[in-house]
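Enquirer:
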Amino acid sequence: NQPLAKNIQSIITNLDKTKLYPSSFEDEYVEVNIPDFNLRYYKNHHMIDKMGVVVGRIDRPTPIFSNSIKYIVLNPTWTIPDNLVKRDLIHVFRENPNYLLEHNIHVFRGKKEIKITPDMLEEYEYSDEKIPYRFVQFPGDDNALGRVKFMFPNKYAVYLHDTDNKTLLTHRYKIYSSGCMRVDKPFRLLDQLLTYANKRYLSEDIENIIATNKPKIIRLKKHIPIHILYFTVYQENGLAYFKNDIYMYDKIIQESIKGRSKPTFSMPKNRFTTTD
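Using my numbering, the letters of the sequence shown map in sequence onto residues -12 to 263.
#1: Looking at C-alpha atoms only, which residue of Gly39, Lys201 and Asp232 is the closest neighbour of Thr219?
#2: Starting from Arg169, follow the alpha helix (DSSP H) in both directions and report where the run begins and ends.
#3: Let me know the beta strand (DSSP E) ranges lying completely inside the region 24 to 57, each 3 residues or longer, listed in chain order.
#4: With DSSP collapsed to three states, give me the class of Ser164.
#5: Go ahead and pull the three-state DSSP assignment for Tyr236.
#6: Tell me the start and end of each unbroken beta strand (DSSP E) in the region 110 to 191 that is at least 3 residues and wholly inside, in chain order.
#7: Under 7 angstroms Cβ to Cβ from His214, same chain only, skipping five residues before and after it: list those, please.
#8: To the nearest angstrom, how far is the alpha carbon of Leu2 from that of Lys186?
#9: Could you compute how far the alpha carbon of Ala144 sits from the alpha carbon of Pro50?
#10: Below 8 angstroms on the Cβ atoms is my guess for Val40 versus Asp171; work out the distance and round it to an integer in Å.
#11: Do Lys57 and Leu207 count as a contact pair if the criterion is CB distance below 8 angstroms?
#12: For the putative contact between Lys37 and Arg27, defined by C-beta atoms under 8 angstroms, what is the C-beta separation to the nearest angstrom?
#13: Which same chain residues, not among the five before or five after Phe125, have their C-beta less than 7 angstroms away from its C-beta?
#14: Give a yes or no on whether the C-beta atoms belonging to Lys136 and Leu147 are separated by under 8 angstroms.
#15: Given a cut-off of 8 angstroms, decide if Leu61 and Asn238 are closer than it, judged by their beta-carbon atoms.
#16: Say whether chain C places a C-beta atom closer than 8 angstroms to the C-beta of Asp151.
#17: Under three-state DSSP, which class holds Thr219?
#18: Just checking my contact of Val72 with Phe122 at CB under 8 angstroms: how many whole Å lie between their CB atoms?
#19: Go ahead and pull the three-state DSSP assignment for Leu(-9).
#20: Name the DSSP bridge partner or partners of Arg206?
#21: On the premise that Tyr217 lies in contact with Pro22, defined as a C-beta separation below 8 angstroms, what is that separation, rounded to the nearest angstrom?
#22: Given Lys230, which residues of its chain have a CB within under 6 angstroms of its CB, disregarding the five upstream and five downstream residues?
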């Protein structure tokens, strides 16, 4: 139910983006299209799998870049980034002093585990100074990364991972993470990638590893390219799809074109009527 002119402009804008990429990607690769909230796995230029993903919130967007998946971690720990400790954890910890214990989060200073209280963090909440403690959530069913993460080391410190909150994947607009991508069917993706593991793993081997609750790194002999993209228009199975410009990147592009440029970019007051 959009004006035809708007859809035509969306097509033009997205065609402009294709100039940044080669005419085709590798024979085998993983693609995440952020506005579509989907991951696709391609082999020999044919899609062999597709699954939903949760991406970054509009104030913590998932970055757009390309890399290669190099290894997998089963039973991952989660070292909470400094900025998330300041933005989220300190407030929650102040409200509930048992929060760390309830969520299996351990605190370290250097290599030594320590006990910590909310008042020890007060001075850092709105400071640029780095917090001198590491907050590590140990493996388990309530770990924010779930039971598996797929690593492609990058400067943004984002990756693909399982999630302990599957309900987020049922929402229309899956914009709830702090930048990482939570995968709907992580063990299906794991099965695809285990083809290239440094040794053979049977399903019972994976189950046994998970039962230990200890982290296990599985390195890949073949690194699989991954492309994180932002296309609000695409074609699939003969149909054209138009997606919501969740991060307003299309709008920025359209307002930067010669003859239509504006001195400043203003964010609309209402970007979504609902995020369900």
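Here a beta-carbon is modelled for each residue, glycine too, at the ideal position from N, C-alpha and C.
Expert: According to the structure data:
#1: Asp232
#2: Where Arg169 is concerned, there is no enclosing alpha helix (DSSP H), although the beta strand (DSSP E) it sits in stretches over Met168 to Val170.
#3: As far as the region 24 to 57 is concerned, its whole beta strand (DSSP E) runs of at least 3 residues are 25 to 30 and 33 to 43.
#4: strand
#5: helix
#6: 121 to 124, 135 to 138, 162 to 164 and 168 to 170
#7: Same-chain partners within the cutoff: Phe12, Tyr16, Glu18 and Ser53.
#8: If you take the alpha carbons of Leu2 and Lys186, they lie about 42 angstroms apart.
#9: Rounded to the nearest angstrom, the two C-alpha atoms are 10 angstroms apart.
#10: Confirmed, Cβ separation roughly 7 angstroms.
#11: Yes, the pair counts as a contact, with Cβ atoms nearer than the cut-off.
#12: Confirmed, about 5 angstroms.
#13: Thr64, Asn91 and His93
#14: yes
#15: For the sequence presented, residue 238 should be read as Lys rather than Asn. Their beta carbons are not under 8 angstroms apart, which means Lys238 does not touch Leu61 by this criterion.
#16: Absent here is chain C; the protein component of the structure consists of one chain.
#17: coil
#18: Contact between Val72 and Phe122 holds: CB atoms are separated by about 6 angstroms, below the 8 angstroms threshold.
#19: helix
#20: Tyr58
#21: Here Pro22 really is in contact with Tyr217; their C-beta atoms are around 6 angstroms apart, less than 8 angstroms.
#22: Non-local C-beta neighbours of Lys230 in its own chain, meaning closer than 6 angstroms and more than five positions away in sequence, comprise Pro22, Asp23 and Thr219, ordered along the chain.
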